[in-house]
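Chains A, B and C, in that order, are what the protein sequence lines are.
Quick note: the first sequence uses the working numbering, first residue 4, plus one each step.
Quick note: the second sequence uses the working numbering, first residue 26, plus one each step.
Quick note: the third sequence uses the working numbering, first residue 30, plus one each step.
Worksheet: one structure, shown below.
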Amino acid sequence: MTATTYGWLVLLFPLLGMLIIAFGFRSLSARPSNLAAGWIGTAAIFLAFLAALGALISLQDHAPAHRQLTSSLWDYAKTMGIDAQLQILVDPLSVFMILIVTGVSTLIHLYSISYMEEDRGFARYFSYLNFFVFSMLLLVLAGNFLLLIVGWAFVGAASYLLISFWYRRTTATRAGIKAFVINVVGDAGLVLGTYFIFKHTGTLDFLKTFHAAPHVFHKGEADIVAGCVLLLVGAFAKSAQIPLHTWLPDAMEGPTPVSALIHAATMVTAGVYLIARMHVLFELAPAAQDVGAAIGAATLLIAGTIALTQTDIKRVIAYSTMSQIGYMIMGVSVGAYAAGLFHLMTHAFFKALLFMAAGSIIGAMAGEQSLDRMGGFRKALPFTFACFVIGGLALSGIPPFSGFFSKDEILLVTAELGGWHWALYVIGYIGAFLTAIYTFRMIFRAFYGQPVAEARELEGGHLHHAEVPTNPANGEVEDTGVGFPGPHHTIAERALPMKVAMSVLALGSIGAGLLQIPKVDFVIDDFLAPTFADSSLYDTHTKSGLLAFGLILGTIVGLAGIGVAYRIWVKQPSLAVVARERFRVIYTLFVNKWYFDELIGLVVVRPAAAMGRFAMGTFEQVFVQDTLIGGTTGIVRAGSAAVRAVQSGFLRYYAALLVLGVAGVGFYFLLQT
Amino acid sequence: MSIAWYLAVSAIVFSLGVVGVITRRNPLVVLLSLELMLNGANLALVAFSRMWGNGDGQILALIVMTVAACEVCIGLGMIVAIHRRRLPIDVDELRELQG
Amino acid sequence: MSALLFFIAGFGAIAGAVGVVVLRDPFFSVLALVGHLISLAILFLLLRAEFVAAVQVVVYAGAVMVLYVFVVAYVGDQSESLQARLRGAGPNGLGGHGSIGSDLRLGGAILGGALLVELLIALLGTGLGAISSKGAGYNPGRVGTESFGTAAYIGNLLLTRFLLAFEAASFLLLIAAVGAVVLARRRGGLGEEDERDVLTPLDLLRPQGTGTMAEGVGGPRR
């Protein structure tokens, strides 16, 4: 089978999984303990993963120069200069992405089988999750702008469905709407960007666009810069970069596996993928590249500072995601494509692992997510603790864990470029320092110190259950019916599927770095080379001295951060309180997330709401309802009332009308003669 | 006398009948005015028959008379029925046939 | 001679017509119509339509008007005072809604007048040239051996050329007779009096006025 056939299979399996679960919904959710939907969903994605492997293998059969294969199922339109087809592009970049997506998704599906057990929406969950995987694969495999936009939109829709999965929680539905609205802003940017590019190239097909672009656009021309900046808007919305990032922390309202999949490993990486895919266009618009790099760096830093102050464990990890995506965006914007994508891969592993481990400890706390209430779980949750540590070390960039190799390569490339990019280099290391601090702050707070009541209960062998289920965000009392989380909480130590999934990811976090050890092996570089053959920035070889310096600096920074966190949160917790008081203003800024929500509320939401009120109150009510509709109906009513008077029932009136008619006709004929 | 005179009389009688139908409120008188109109038409028919010299007009006049007789039958029967139901004998009051 | 007779009969016809329309007592209206019918019969005679004239007197004035008299007598005296009538009041002295009554009195007169004028223009306009002429002679055509206007003449026509009309007219008479009997029947016949008070369960469920045109117009009787 050819690589493209495998590509279509990769798309087919999750779609089938979704349809089967969706249509069999009634029978699958008849009993809450029925796990069939979970296994069907997992099997579907696993089959997709196998097909992705098949695509990888059969792609490598081709010579490197011929590894960009397209396959079209259907022509939508071939008129007026638009060539819209149902077309996929199988090349190293897309195969890379689908492997990551299907691989991590399989593990997360497996994890979810245990995590979502006895939730009344079990089947619905897996149907949505399969739909999400299908959409993400469509986005990544798209061979033209049309399917990219379709996949992009579907992913946003799937994200909405999954964030507001527990739909009877108002916090969840609000978060879902927030995510969707911000994503739509990104969609608009993406479509407009596409238009700007299409205007000159006249084609929607990726390969044709990339071949035509250097001939059609001059470097730095206004249209291409505008198009790329708009594409960046789309990327920022999807990847939660400033200023379109406010939806990501709220998106933690969704179930933890959803956070792991969508908001760590796959959806938020769509922006990185977009920039990498469009590298030809971005290299023609250096201004856009600079914008991307700057925003990436800013996000990196800001998200890091916010994560230092958050108390909800999932939000800490969410801001960490935002920060790491900042690294990736920065990387692909300056031309470190392989490094950025490599970091995408390693980040998928350790971030998903961290989320899964967070799900485990949240289960031990019976749904409670605040770090303030957690402590001393080391003895009670040994496996979870180990996973947290592995993920944390990878995240902090400690060798030999995978995060170390990927992160430093990005920073090396920025240093290579020189000029103002040195600022990015510095910010990158400051960010790494902060990363280590907040990551281990989280770990130390949750696992060290005096065991809390739940931990002691668990050491005694009994998993804590909340008597009254409450919403961890606002404390509202809820029940365990449809639309709310189920009554069942579990921890990784007790659930085999969770253990298996987390173990695989832990191994990945530890070992994935081996794929691209600097100066030793270039697996990722070589694999992705055919895609980036037309890039002028791809093959930057790093100077040896800077390389060594960077690696050592990264290690030092990471260890220093862990040390600081240890000092404060293990040895002397009061230091944290003192620091909070000393730096009250800064602390307030960080803990309020730099007031972005309030700023957006003021600048965007309030005017929009006012416009909506005006539109509804004045325009709709007065103009359309009263004047247009009311006027039309009023005229008709008046007319019919007038005509109705003819049917009065008075015999004499009728007779008079008759005679009038006769007289009229006679008069007419008299005039004729 | 030329036919024109007869036709003039016929026109006057007819118009008087029209005025009666429209103006009077008693259904009996309305029916009588209707008879007037029919008679006016009859007169015109017979006059024309005389003018052309064949009998078609007279035959038609006879038929009209028959029809008038039938109509009077039914009309008066209705008035009798209305009277028996104690409803007012007034065309302005009897206006339920409306929409 | 004939001209004199014409004027007398014509005047009588018009006077009778005016009487029908103007007189307040319906009984007097009936009598006026009888007079009108007799005058019309004379006019028919002048027009050499002997049979039609005879039928007019015998059938129309003799039978139909007698029927009218009977009904007027049965229905009773419905006359009203002059002031009420001027107000446009009805035969019972009721009503007098200025809008409809007075409007139509004036409107009716105007309409009738307009119609008269038109008819006269139509008739006389073409016959102007013939006003002074004598018209057709006294020996119009014959049918077979019968003279114009005689009973035999009419009978011949009825049974040959106008047979269908003749039969249809007789059929119509039959229908009218049956209809009149049905209309004026006493209670206990078709039971129409009782039917009115029978409610079906469906009527109880439906709100009043449902399914009538009044509902379509917008609510109960306005």
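Using N, Cα and C, we set each Cβ at its ideal position, and we do this for glycine too.
Please compile the residues from chain A whose C-beta is within a distance smaller than 7 Å of the C-beta of residue i.
i        : result
B/Val43  : Val662
C/Ala143 : Ala666
Give the interface partners of residue i over in chain A, defined as CB-CB distance under 8 Å, in chain order.
i        : result
B/Val116 : Phe653, Leu654 and Arg655
C/Leu140 : Ala659, Val662, Leu663 and Ala666
Does residue i get closer than 8 Å to chain B when you measure Cβ to Cβ?
i        : result
C/Phe191 : yes
C/Leu188 : no
C/Val86  : no
C/Ala209 : yes
C/Phe73  : yes
C/Ser162 : Unreliable positioning characterises C/Ser162 in this predicted model, as indicated by a pLDDT of 49, which lies under 50. The coordinate reading is nonetheless provided below. Cβ-Cβ to chain B under 8 Å: yes for C/Ser162.
C/Ala90  : no
C/Gly3   : Coverage of chain C is limited to positions 30 through 251, which leaves residue 3 of chain C absent and any answer about it impossible.
C/Leu312 : Any answer about residue 312 of chain C is impossible in this case: the structure gives chain C only from 30 up to 251.
Cβ of residue i less than 8 Å from any chain A Cβ?
i        : result
C/Leu135 : no
C/Ala46  : no
C/Gly127 : Low local confidence applies: a pLDDT of 43 at C/Gly127 is under 50, so the model's placement there is unreliable, and no value is given.
B/Val89  : no
Can you check which of these residues, the options, is closest to residue i by C-alpha distance?
i        : options                                   : result
A/Phe653 : B/Phe73, B/Ala86 and B/Thr48              : B/Thr48
B/Ala29  : C/Val207, C/Ala197, C/Ile150 and C/Ala194 : C/Ile150
A/Gln88  : A/Gly237, A/Leu149, A/Val560 and A/Ile200 : A/Leu149
A/Ala495 : A/Phe388, A/Val294, A/Ile513 and A/Thr558 : A/Phe388
A/Ala126 : A/Ala238, A/Leu193, A/Phe408 and A/Phe28  : A/Phe28
A/Ala425 : A/Lys222, A/Leu661 and A/Ala297           : Checking the sequence, you will find Trp at residue 425 of chain A rather than Ala. The shortest Cα separation from A/Trp425 among A/Lys222, A/Leu661 and A/Ala297 belongs to A/Ala297.
A/Gly400 : A/Phe380, A/Thr558, A/Phe358 and A/Ile278 : A/Thr558
B/Ala66  : B/Trp77, B/Val43, B/Pro52 and B/Pro113    : B/Val43
A/Pro475 : A/Leu76, A/Ile103 and A/Asp375            : A/Asp375
A/Phe129 : A/Tyr170, A/Ile48 and A/Leu415            : A/Ile48
A/Thr473 : A/Ala225, A/Arg171 and A/Trp597           : A/Arg171
C/Tyr182 : B/Gln83, B/Leu112 and B/Leu101            : B/Gln83
C/Leu69  : B/Asp81, B/Ala86 and B/Glu96              : B/Ala86
A/Val534 : A/His69, A/Gly10, A/Leu15 and A/Ala51     : The displayed chain sequence assigns Thr, not Val, to residue 534 of chain A. Comparing Cα positions, the closest option is A/His69.
By the criterion of Cβ-Cβ separation under 7 Å, what are the contact partners of residue i in chain C?
i        : result
A/Leu673 : Glu147, Ile150 and Ala151
B/Leu119 : None at all; the shortest Cβ gap to chain C is about 10 Å.
Determine, using beta carbons only, whether residue i comes closer than 8 Å to chain C.
i        : result
A/Met255 : no
A/Gly669 : yes
B/Arg9   : The requested residue 9 of chain B does not occur in the structure, where chain B is confined to residues 26 to 124.
B/Ala86  : yes
B/Ile37  : yes
Mind pulling the chain B residues with CB within less than 7 Å of residue i?
i        : result
A/Ala658 : Val46 and Ile47
C/Val59  : Leu57
Mind pulling the chain B residues with CB within less than 8 Å of residue i?
i        : result
C/Gly178 : Gly80 and Gln83
C/Val104 : Leu53, Ile104, Val105, His108 and Ile114
C/Leu76  : Tyr31, Val71, Ala72, Ser74 and Arg75
Applying a beta-carbon distance threshold of less than 9 Å, which residues of chain B neighbour residue i?
i       : result
C/Ile67 : Going along chain B, no residue has its Cβ under 9 Å from C/Ile67, so there is no contact; the nearest lies around 11 Å.
### Query
Three or more C-beta pairs closer than 8 Å, one from the region 315-329 of chain A and one from the region 237-244 of chain A: is that the case here?
Yes: at least three Cβ pairs fall under 8 Å.
#### Entry: Residues from the region 46-72 of chain B in contact with chain A, defined by Cβ distance under 7 Å
Within the region 46-72 of chain B, those residues whose Cβ lies closer than 7 Å to any Cβ of chain A are, in chain order, Val46 and Ile47.
### Task
Decide yes or no for the touch test of the region 104-116 of chain B against the region 36-45 of chain C: beta carbon pairs closer than 8 Å, at least 3 of them.
Put simply, the region 104-116 of chain B does not touch the region 36-45 of chain C. Fewer than three CB pairs are less than 8 Å apart.
### Query
Below 8 Å, can you find three or more Cβ-Cβ pairs linking the region 415-431 of chain A to the region 345-365 of chain A?
No, the region 415-431 of chain A is not in contact with the region 345-365 of chain A.
#### Entry: Touching by the beta-carbon criterion (3+ pairs, under 8 Å), the region 521-536 of chain A and the region 354-363 of chain A
Segments in contact, no.
### Query
So, do the region 307-322 of chain A and the region 602-614 of chain A have three or more beta carbon pairs nearer to each other than 8 Å?
When Cβ pairs closer than 8 Å are counted between the two stretches, the region 307-322 of chain A is seen not to touch the region 602-614 of chain A, the count staying below three.
### Query
Looking at C-beta atoms only, is the number of pairs between the region 335-347 of chain A and the region 284-298 of chain A that lie closer than 8 Å three or more?
The answer is yes - the region 284-298 of chain A touches the region 335-347 of chain A, with three or more Cβ pairs under 8 Å.
### Query
Can you find at least 3 beta carbon pairs, one from the region 78-89 of chain C and one from the region 174-185 of chain C, that sit closer than 8 Å?
Yes: the two stretches touch, three or more of their Cβ pairs being nearer than 8 Å.
### Query
Within the chosen definition, does the region 57-70 of chain A reach the region 93-100 of chain A through at least 3 CB pairs nearer than 8 Å?
Short answer: they touch.
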